[in-house]
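A quick write-up on the structure given underneath.
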Amino acid sequence: IFPALKRDGIHDKFIEVIKTGNTFHLDGFKFESTDGKALYFNFQAFKLNDDTMGVLFEDVTARREMDFEQHLTQYGVAHASDAIFRIRADGRIVYSNLSASNLLGFSRDAFLQMNISEIDPRITIAQWNEWVKILHKKDMLVFETYLKAISGQMMAVEMVLNRVNYQGANVYFAFVRDATDRKKSEELERKIAVTRQAAALKQQFLANMSHEIRTPMTGILGMTSLLLRTKLDDIQSEYVKNIKVSSDALLGIINDVLDLSKIEAGRMDLKPEPIIFRDFCKEINDVFLANAAQKGLQFSFQVDDGIPEILMIDTLRLRQVIANLLSNAFKFTESGSVTAKFSIQQKEEKKVLIKAEITDTGIGISEDDVDKLFSKFTQLDTSLTRKYEGTGLGLAICRELVGLMGGEIGVTSQQGKGSTFYFNFYAAYDKDLKINEPGNEDKLNQSLEFNILLVEDKYINRKVIGMMLESFGCSVVMAVNGKEALDIYRPNDFDVVLMDLQMPVMDGITSMKELRKMHRKLVPIIGLSANAMEGDAEKYINEGLDDYISKPFKQEVLFEKLKKWGSIGKNTIE
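The following block contains the structure:
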């Protein structure tokens with residue numbers, strides 16, 4: 196019946212039982228049923244009489260499968276990635292797996308001597324007893340807590356408490372997962388969110404601050420510019436020039452803050468254009484000749500002959516760096532000289548690295564202070580009696596701008612003897628580069644003769660801009676808000692609309708959109724706003740404006756915009 200008995204040598208054992216009378220016992224003997232299923236038996240053979248024996252068979256297949264599954268379960272628990280504890284009803288730990296030791300550092304034997312409150316001090320005996328009661332109702336509790344490692348470190352974990360009824364007894368398990376990385380990730384996300392919110396608030400503050408200061412500055416600078424074009428005696432002219440210098444200085448501070456904000460936000464891009472480099476340097480030289488004459492200083496501007504004639508440069512930003520360094524040199528030099536020198540540091544086929552050096556014989560800088568120079572809002576003399584004024588932003592902005600140009604900035608200085616500020620920058624060049632030569636005529640003396648609708652709520656700005664427009668030969672009709680502009684505008688009456696954007700009753704953008712709905716063809720609309728943050732111009736043009744001017748603006752800027760758009764408006768017939 197069981198061929199395997201003979202095959203595996205069991206038959207010989209049976210013969211020995213008959214011969215000797217000894218009992219033979221074997222557990223877990225494997226048989227294979229006719230359908231190929233493995234069966235397991237325990238059996239015992241014993242002698243009945245001289246030539247007969249009895250065999251008792253016990254089918255243990257089901258028990259063996261259960262034991263195997265239990266073994267697998269125990270292995271899985273022991274080697275699970277989560278820490279697992281079995282806990283008695285009184286809170287005593289009676290089992291822990293390998294991951295529990297890896298997580299907290301205690302040996303498995305050490306855990307057996309501990310209570311749950313010893314690894315989580317926040318779980319008191321009373322708290323544990325309360326949880327035991329809850330587990331009798333809902334079988335599972337899930338929460339976050341902190342476990343105390345052998346090092347004393349508190350570790351963030353997620354814990355799941357389970358109650359299992361096994362053969363009439365309650366068994367409690369704690370499944371613990373390390374939440375340190377998740378907590379760090381959540382904290383990082385929280386900090387990023389806070390940083391973004393702070394950046395957004397800062398941007399909004401800067402935008403508001405810029406708008407509120409630029410709005411009255413439009414009137415001050417505009418009136419000053421117009422006043423300087425009238426007949427003044429020497430004293431009056433001096434007073435007005437002082438007003439202009441102070442106003443320009445205030446505007447420079449505002450622009451410095453905005454520039455730094457743009458750079459920090461990664462929103463400043465260079466806009467290179469072809470220029471004759473020597474002419475560019477001469478323009479800067481001519482500006483600072485007056486500073487040299489006023490203080491009785493020698494001033495020289497040296498340009499290496501090897502520098503290509505025409506370079507691709509962002510003139511606005513390069514001029515900003517050079518002018519800042521020269522302004523500082525003249526500010527801190529009472530006698531001697533200031534020198535600006537430009538030389539080739541490296542030349543490639545289509546690119547040149549130029550080194551600029553601004554040297555003065557001024558007060559110099561101590562070694563301890565050199566490292567602070569390029570930090571934001573830093574003044575080396577912060578006392579109430581300090582002689583030299585400034586925001587402490589200029590050099591910080593220079594460092595960032597030079598970085599955008601691919602260069603570096605630095606200084607060598609000796610206190611009491613002077614300083615040399617140096618920086619380098621890359622510029623593209625090509626023999627085929629061409630530039631448009633500007634005309635020599637006085638542009639502002641040209642007559643534009645356009646009909647302008649000026650929409651502006653501030654009286655002083657209406658007055659200033661109106662006078663500018665009249666000086667260009669334009670006729671002007673004024674509206675004090677966007678709604679009034681809708682009532683005044685008539686097709687073919689105007690060539691350009693100058694529209695302030697922030698006004699009571701109806702703002703400029705809404706008014707512009709309403710005008711476009713009301714009229715099949717509309718003359719160009721140029722937005723005017725004291726908002727000067729990065730992206731403002733693009734945002735407003737995307738709203739439907741034809742162009743945009745940031746307040747305060749120079750007469751030349753307004754003139755060029757009208758010259759560009761006025762003729763288009765004259766040919767717009769509805």
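Numbering of the sequence shown is given in the working numbering, commencing with residue 196 and proceeding in unit increments.
Note that beta-carbon positions come from the ideal geometry of N, C-alpha and C, so glycine has one too.
Only a predicted model underlies this, so the values are computations on that prediction, with no experimental measurement involved.
- Task: Give me the Cα-Cα distance between GLY722 and VAL692, rounded to the nearest whole angstrom.
- Result: 8 Å
- Query: Buried or exposed: which applies to ASN766, given that a residue is buried once 16 or more other Cβ atoms fall within 10 Å of its Cβ?
  - Reply: exposed
- When the Cα atoms are used, what is the spatial distance from GLU384 to ARG303? 36 Å
- Message: Among ASP277, SER296, GLU382, ILE288, whose alpha-carbon lies nearest the alpha-carbon of VAL355?
- Response: ASP277
- Task: State buried or exposed for MET185, treating a residue as buried only when at least 16 other CB atoms are found within 10 Å of its CB.
- Result: Here the chain covers residues 196 to 769 and nothing more, so residue 185 does not appear.
- Extent of the continuous beta strand (DSSP E) to which MET694 belongs: 691-695
- Per the contact definition of three or more C-beta pairs closer than 8 Å, is the region 684-699 in contact with the region 643-656? yes
- Item | 3 or more residues per run - each beta strand (DSSP E) lying fully within the region 693-757 | 720-724, 742-745
- Can you list, in chain order, the residues of its chain whose CB lies under 6 Å from that of CYS669, leaving out five sequence neighbours each side? LEU643, PHE645, ILE647
- Message: For ILE314, which residues in the same chain have their Cβ closer than 6 Å to its Cβ, ignoring the five residues on either side in sequence?
- Response: LEU342, LYS343
- Please look up how many angstroms separate the CB atoms of PHE569 and ALA591, rounded, as I've assumed it's under 8 Å. 6 Å
- Confirm, please, whether the CB-CB distance from GLY602 to GLY624 is below 8 Å. Note on residue identity: the sequence assigns Tyr, not Gly, to residue 624. Result no, Cβ atoms of TYR624 and GLY602 do not sit closer than 8 Å.
- Query: With C-beta atoms as the reference, is GLY761 less than 8 Å away from ASP688?
  - Reply: no
- Message: With the cut-off set at 8 Å, would you say PRO747 and ARG514 are in Cβ contact?
- Response: no
- Item | Best match in VAL498, LEU506, LEU492 for proximity to PRO467 [C-alpha to C-alpha] | LEU506
- To the nearest angstrom, report how far apart LYS378 and ILE282 are at their CA atoms. 27 Å
- Task: Could you check how far apart the C-beta atoms of ALA240 and VAL250 are, in whole angstroms? I think they sit under 8 Å.
- Result: 5 Å
- Message: Check this for me: beta carbons of GLY286 and TRP323, under 8 Å apart or not?
- Response: yes
- Query: When we look at the beta-carbon of GLU433 and count the other beta-carbons within 10 Å, is it buried (16 or more) or exposed?
  - Reply: exposed
- Drop a sphere of 10 angstroms on the beta-carbon of THR419, count the other beta-carbons inside from all chains shown, and report buried for 16 or more, exposed for fewer. buried
- Item | Same chain only: Cβ atoms within 6 Å of LEU596, ignoring 5 sequence neighbours per side | ARG512, VAL516
- Message: Counting C-beta neighbours from all protein chains within 10 Å, is the total for LYS225 16 or more, i.e. buried, or is it exposed?
- Response: exposed
- If you drop the 5 nearest sequence neighbours on each side, which residues of the same chain put their C-beta closer than 6 Å to that of ARG711? LEU717
- Same chain, Cβ closer than 6 Å to ARG594, neighbours up to 5 away in sequence not counted: PHE569, ILE604
- Item | Same chain, Cβ closer than 6 Å to ASN480, five either side skipped, listed in chain order | PHE496
- Query: Among all the DSSP beta bridges, which residues are the ones paired with ASN310?
  - Reply: ARG287
- Item | Limits of the beta strand (DSSP E) - the one that PHE368 falls within | 364-373
- Item | Opposing strand residues paired with LEU221 [DSSP bridges] | PHE238
- Task: Tell me the start and end of each unbroken beta strand (DSSP E) in the region 603-662 that is at least 3 residues and wholly inside, in chain order.
- Result: 604-609, 613-623, 646-650
- At what residues does the beta strand (DSSP E) containing ALA487 begin and finish? Careful: ALA487 lies outside any beta strand (DSSP E), inside the alpha helix (DSSP H) at 472-490.
- Close Cβ partners of PHE338 (< 7 Å) along its chain, the five nearest in sequence each way excluded: MET354
- Message: Considering only the alpha carbon of each residue, which of LEU484, LEU628, GLU543, LYS734 lies closest to GLY501?
- Response: GLU543
- Message: Judging by CA-CA distance, which residue of PRO686, SER724, GLU253 is the nearest neighbour of GLY764?
- Response: PRO686
- Query: Can you pull the DSSP bridge partners for PHE525?
  - Reply: Answer is none; PHE525 lacks a bridge partner.
- Query: Out of GLU755, GLY531, SER724, GLY611, which has the shortest C-alpha to C-alpha gap to LEU740?
  - Reply: SER724
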